[in-house]
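The sequence shown stops at residue 773 when you use this note's numbering, and every number in between is there.
Each residue gets a CB set at the ideal place from its N, CA and C atoms; glycine is no exception.
Keep in mind the model is a prediction, meaning the values are calculated, not measured.
Here's the structure we're looking at; comments come further down.
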Amino acid sequence: MFISQGCIMKSRFKLSIKQVVSIAVYIGILVMTGILSTYDYVSFKNTLFEETRSSMQDVSNSLSEVLDSKLKDLSLSVHTVANDQDTARMFAEKDRAGIINKYLGFYKDIKDKHGIAQFQFHLPPATSFLRLHKPEKFDDDLSAFRQTVIDANKSKKPIVGLEVGRGGPGLRAVFPVSYDGEHIGSVEYGGSMNTILEDVAKTFKLDYVIGIKQEVFKKARRFDTKESDIVKDGIVYYKYSHEDSRELVDKYEPGKTIEMHEHNMITDKTVLKDFKGNEIGEVLYFKDMSPRLSLALKFAFKKLVFGFVMATLLAVFLYYFLGFYLRLASRMSEITDAVTEGHGDLSKRLPVDHEGNELETVSYKMNNFLDTMDKNLARTTYSLGNILSAISPIYFALVDVRKSSDENVDLAATVAAAGEEMSTTVEEISRNTADVASKGEHTLELATQGSEMVRDATLKAENVKGIVHNLAGDISSLTENAKNIGTVVEVINDISEQTNLLALNAAIEAARAGEAGRGFAVVADEVRKLAEKTLDSTNEIEKMVKVIQENVARANKNATEVSENIETQVKSTEDANARFQEILLAVQELNGLLLNTSTAAEQQAGATNEVASNIELVAQASGSSRDKIMELMGQIDGLMDNLGSLERDLIQYKLSCDGIIFVKAKMAHVKYLKNIYSSYMTGTKPQGLKSDHECDFGKLYFSKEMQEKYGNDHDFKSISGPHKEVHAISHHISDMIAAGNMTGAYEDVVKMKDKVDVLIGILEKMFDKAKCV
């Protein structure tokens with residue numbers, strides 16, 4: 001009874017506060033909004049006018065900066081033309097066609113791109129030589145209105161600045177041109193000021209009017225005033241950005257605000273000066289403030305409306321917000337029912353995010369409890385998935401070991417049979433090796449005899465070498481004697497020639513003596529004949545001696561060659577003797593090896609029989625290992641079943657993090673792979689196989705909800721491929737097992753394991769992205 005009365009009193013108290021607070025806040029916000037809106041509008045208006053007046057000065061500065069920049073660009077460009085010697089040469093030669101060919105295309109390119117309205121060459125003092133913007137017109141006198149050209153040719157210096165023409169003020173850059181040290185004229189770039197003003201007007205969003213002094217226009221040969229011109233205080237206003245600007249010129253007063261047609265206009269001006277610094281006119285600016293003032297007024301009105309709406313919303317919000325605390329208890333009961341009944345929904349929370357009054361504090365702590373439970377279950381489910389994933393490689397390793405054990409048993413039987421054959425072969429090798437060893441003894445005897453024969457041949461070759469060496473010495477002595485005989489023959493020849501000469505002289509003297517010398521003449525004649533015969537005989541002897549010398553020389557050469565050949569033969573015989581010694585050693589080693597091999601072969605025959613018996617023991621051990629592996633796999637199956645029961649208890653809870661579905665999918669496909677392993681081990685066709693669209697995860701993966709939530713995620717899209725292949729391979733393994741093709745089934749099991757690993761890797765990425773733990 002006491003509790004009921006307290007609740008009723010508390011409820012009335014809260015309702016009264018809702019009404020009072022809501023109404024007070026509503027009225028207060030409306031009043032404050034009205035005051036602030038009026039204050040903001042008045043402040044904005046005053047600030048706007050002050051800022052606009054200040055910004056008008058920026059317009060003049062901006063125009064001056066743009067004009068200076070444009071004139072600088074024109075100067076740089078025309079300076080290049082003026083200093084081009086090829087151009088100066090054609091200008092000096094008055095080659096108008098050459099200049100046109102060189103610059104007409106260039107001018108067309110820069111005309112619109114850089115705003116170059118004029119490009120012309122002048123002859124001193126101011127005669128047009130070539131207008132590239134109008135090539136057909138030339139040789140006209142410009143001195144009456146083109147002061148920049150006159151000054152440039154007179155001072156021979158560049159002239160850059162504004163100059164008024166018939167169409168208004170323009171930008172001029174006139175540079176003198178020289179060739180071979182002689183001034184020949186000038187070249188000019190001209191640009192329009194209108195484009196620059198239009199750009200400035202667009203930038204600052206204002207209107208403008210250009211005015212030029214009447215006397216300046218007359219000097220520029222603009223004698224007629226047009227109907228659209230306005231003349232005021234000696235200035236001709238001829239260019240308007242807008243038709244309404246014409247009316248503003250009459251009302252213009254420097255620094256004043258003009259009101260016209262319910263528009264508030266702020267005005268300012270920029271004085272224009274020519275290239276000499278003389279005032280030539282002005283540009284008037286008009287900034288319409290009405291749109292911004294109208295916008296400020298609308299904004300103030302919208303602020304009032306917004307304040308009214310916000311006050312209403314806030315009052316309604318306060319009304320229901322105060323009632324929120326009474327609904328917390330009901331909401332808490334709903335969440336408790338959702339946790340304890342059905343599938344255990346841990347995703348719902350009370351609408352409280354901080355501690356406040358008692359009810360809010362309890363609600364906040366209950367949310368913390370639910371968060372803790374939610375995270376613990378998510379972490380446990382994740383850990384369970386990791387355990388199942390960790391068991392899967394162990395199970396596959398056991399499958400692999402079981403397969404290897406089966407292969408070892410079969411291989412042991414094969415090796416045992418091969419061992420028997422090898423034993424027979426080893427015995428035969430032993431017998432053959434004994435025969436080879438006896439033949440090796442005979443080979444050793446032959447090699448020893450061959451070595452002795454080579455040694456005898458070496459000794460005989462040494463003897464022949466000595467004989468030939470002695471023969472060579474004898475031939476050398478014979479050669480020397482033949483040379484000595486040749487020397488004696490030469491002496492005899494000399495004596496015979498002298499005797500012949502003396503006999504001839506004696507005959508001559510006898511002839512002079514007459515009858516008294518006749519007997520002496522006969523003797524002299526005989527002596528001469530004897531000398532001639534002696535000379536002939538010595539010549540014959542000399543020829544024979546030369547023949548003997550040639551034969552002896554040839555014999556000496558042959559003896560030398562024989563000596564060298566015998567030397568080579570002796571060396572070869574010695575090498576052959578050394579090789580025979582090596583062969584003898586090799587044959588001795590071979591004979592030893594053959595004897596050892598024969599002994600080893602006999603020992604191997606016994607060892608082979610022992611290996612065969614050991615292989616039989618290996619086969620028995622492999623069979624025992626296979627049985628133990630099957631027992632271990634049964635224990636792992638039991639562990640997997642227990643973990644499966646734990647998984648079923650955990651996955652029934654609905655958690656706040658949607659990413660837990662990827663852990664559930666991982667566990668489901670690990671168990672699906674384990675089912676395939678078991679079927680392969682038992683050789684039975686697996687049961688409960690499904691396609692990638694039929695399994696529980698597949699139905700969820702292809703659902704509209706999941707596709708809308710994760711469809712744009714690259715990793716989520718990449719799940720489809722390996723998931724489809726896993727289920728397709730499982731069906732193929734089933735067909736292989738049914739057909740008895742266990743080798744093909746094992747290859748597919750390996751493929752399926754790899755695909756499941758890929759799938760698990762992607763699922764873990766998606767879970768990590770969800771940040772559930």
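Inter-residue spacing [alpha-carbon to alpha-carbon] between Met32 and Asp58: Residue mapping note: residue 32 aligns to position 32 of the sequence shown, counting from 1. Residue mapping note: residue 58 aligns to position 58 of the sequence shown, counting from 1. Cα to Cα, Met32 sits roughly 38 Å from Asp58.
CB of Ser720 within 8 Å of CB of Leu689, strictly: Walking along the sequence shown from the start, residue 720 turns up at place 720. Walking along the sequence shown from the start, residue 689 turns up at place 689. No, they are not a contact pair.
Closest by C-alpha distance to Gly181, when choosing among Arg172, Val174, Lys156, Thr203: Position 181 of the sequence shown holds residue 181. A check of alpha carbon separations from Gly181 across Arg172, Val174, Lys156, Thr203 identifies Lys156 as the nearest.
Buried versus exposed, by CB contacts within 10 Å (16 or more), Ile760: Start at 1 with the first residue of the sequence shown, and residue 760 comes out as number 760. It is buried - the Cβ of Ile760 has at least 16 other Cβ atoms within 10 Å.
Assumed close pair Val249, Tyr237 - CB separation to whole angstroms, cut-off 8 Å: Here the question's residue 249 lines up with position 249 in the sequence shown. Here the question's residue 237 lines up with position 237 in the sequence shown. 5 Å between Cβ atoms; contact.
Boundaries (first-last residue) of the beta strand (DSSP E) holding Asp775: One cannot answer for residue 775 here, as it falls past the ends of the chain, which runs 1 to 773.
Any 3 or more C-beta pairs closer than 8 Å across the segment 197-214 and the segment 283-290: With a cut-off of 8 Å, the segment 283-290 and the segment 197-214 count as touching, because enough Cβ pairs lie within range.
For His263, three-class secondary structure by DSSP: As a first step, residue 263 must be located in the sequence shown, where it is residue number 263. Reduced to three states, the DSSP call for His263 is strand.
Close-in-space but distant-in-sequence residues of the same chain around Met1 (CB under 6 Å, 5 per side omitted): Reading the sequence shown from its first residue, position 1 is the one you call residue 1. Only weak support is given to the placement of Met1: the predicted model assigns it a pLDDT of 40, under 50, and the question is left unresolved by the model.
Through-space distance from Leu293 to Val177, alpha-carbon basis: On the sequence shown, position 177 is the one that residue 177 refers to. On the sequence shown, position 293 is the one that residue 293 refers to. The C-alpha of Val177 lies about 57 Å from the C-alpha of Leu293.
Residues near Arg774 by beta carbon distance below 6 Å, same chain, minus five either side: There is simply no residue 774 to check, as the chain begins at 1 and stops at 773 in what is shown.
Lys753 to Asp353 span [Cα, whole Å]: Numbered from its first residue, the sequence shown carries residue 753 at position 753. Numbered from its first residue, the sequence shown carries residue 353 at position 353. Answer to the nearest angstrom: the Cα atoms are 46 Å apart.
Neighbour-count burial assignment, Thr380, 16 or more Cβ in a 10 Å radius: Numbered from 1 along the sequence shown, position 380 holds the residue referred to as residue 380. Per the 10 Å Cβ criterion, exposed.
Same chain only: Cβ atoms within 8 Å of Gly6, ignoring 5 sequence neighbours per side: Counted from its first residue, the sequence shown places residue 6 at position 6. In this prediction, Gly6 has a pLDDT of 44, which is less than 50 and means its spatial position is unreliable; nothing more can be read from the coordinates.
Glu694 versus Pro393 - alpha carbon distance: Residue 694 sits at position 694 when you count from the first residue of the sequence shown. Residue 393 sits at position 393 when you count from the first residue of the sequence shown. Approximately 26 Å between the Cα atoms of the pair.
Neighbour-count burial assignment, Glu163, 16 or more Cβ in a 10 Å radius: For the purposes of this step, residue 163 is taken as the residue at position 163 of the sequence shown. By the neighbour-count definition (other C-beta atoms within 10 Å, threshold 16), Glu163 is a buried residue.
For Glu279, the first and last residue of its enclosing beta strand (DSSP E): Here residue 279 corresponds to residue number 279 of the sequence shown, with the count starting at 1. Counting along the chain, the unbroken beta strand (DSSP E) around Glu279 starts and ends at 279-288.
Pair within 8 Å by beta-carbon distance, Thr270 and Glu282: One-based indexing of the sequence shown puts residue 270 at position 270. One-based indexing of the sequence shown puts residue 282 at position 282. In this structure, the beta-carbon distance from Thr270 to Glu282 falls below 8 Å.
Cβ pair Ile159, Val174 closer than 8 Å: The sequence position of residue 159 within the sequence shown is 159, counting from 1. The sequence position of residue 174 within the sequence shown is 174, counting from 1. With respect to the 8 Å criterion, Ile159 and Val174 are classified as neighbours on the basis of their beta carbons.
Length of the line joining the Cα atoms of Gly115 and Leu304: By one-based count along the sequence shown, residue 115 stands at place 115. By one-based count along the sequence shown, residue 304 stands at place 304. Distance between the alpha carbons of Gly115 and Leu304 is about 51 Å.
Selection from Ser691, Asp139, Lys113, Gln498 that minimises the alpha carbon distance to Ser192: Taking the first residue of the sequence shown as position 1, residue 192 is located at position 192. Nearest neighbour of Ser192 by Cα position, chosen from Ser691, Asp139, Lys113, Gln498, turns out to be Lys113.
Own chain, CB closer than 7 Å to His200, minus 5 neighbours either side, in chain order: Here residue 200 corresponds to residue number 200 of the sequence shown, with the count starting at 1. Note that residue 200 is Val in the sequence shown here, rather than His. Setting aside the 5 residues that flank it on each side, Val200 is surrounded in the same chain by Val59, Ser62, Leu63, Val66, each with a C-beta closer than 7 Å to its C-beta; the list follows chain order.
DSSP state of Gln118 mapped onto helix, strand, coil: Numbered from its first residue, the sequence shown carries residue 118 at position 118. Here DSSP, grouped into helix, strand and coil, assigns Gln118 to strand.
Own chain, CB closer than 7 Å to Gly307, minus 5 neighbours either side, in chain order: Within the sequence shown, the letter at position 307 stands for residue 307. Around Gly307: Ile29, Leu30, Thr33.
Beta-ladder partner(s) of Thr270, from DSSP: As a working note, residue 270 is residue 270 in the sequence shown. Looking at the DSSP assignment, Thr270 forms a beta bridge with Val283.
Length at least 4, wholly inside the segment 92-116: the alpha helix (DSSP H) runs in chain order: Runs of the alpha helix (DSSP H) inside the segment 92-116: 96-113.
Same chain only: Cβ atoms within 7 Å of Ile230, ignoring 5 sequence neighbours per side: Position 230 of the sequence shown holds residue 230. Within the same chain, Ile230 has close Cβ partners Tyr237, Arg246, Val249.
Simplified DSSP assignment, three categories, for Lys213: Position 213 of the sequence shown holds residue 213. Strand.
Closest Cα partner of Met681 within the set Val670, Thr743, His727: The residue labelled residue 681 in the question sits at position 681 within the sequence shown. Comparing Cα positions, the closest option is Thr743.
Nearest neighbour of Val78, chosen from Gly168, Phe121, Thr538, Ile212 [CA to CA]: Locating residue 78 in the sequence shown gives position 78, where the first residue counts as 1. Taking only the C-alpha atoms, the option nearest Val78 is Phe121.
Given 8 Å, three or more beta-carbon pairs between the segment 696-703 and the segment 661-671: A contact exists between the segment 696-703 and the segment 661-671.
Of the residues Tyr179, His727, Ala311, the one placed nearest Glu93, counting alpha carbons only: In the sequence shown, the residue the question calls residue 93 occupies position 93. When only C-alpha atoms are compared, the closest one is Tyr179.
Bridge-paired residues (DSSP) for Thr257: Here residue 257 corresponds to residue number 257 of the sequence shown, with the count starting at 1. Bridge partners of Thr257: Ile266.
Cut-off 7 Å between Cβ atoms - residues of its own chain near Leu673, not counting five sequence neighbours on either side: For the purposes of this step, residue 673 is taken as residue 673 along the sequence shown, with counting starting at 1. So the qualifying residues of the chain are Ser392, Met752, Lys753, Val756.
Glu188 beta carbon less than 8 Å from that of Gln118: For the purposes of this step, residue 118 is taken as the residue at position 118 of the sequence shown. For the purposes of this step, residue 188 is taken as the residue at position 188 of the sequence shown. Cβ distance < 8 Å, so Gln118 and Glu188 count as in contact.
DSSP state of Phe774 mapped onto helix, strand, coil: Any question about residue 774 goes unanswered here, given that the chain covers just 1 to 773.
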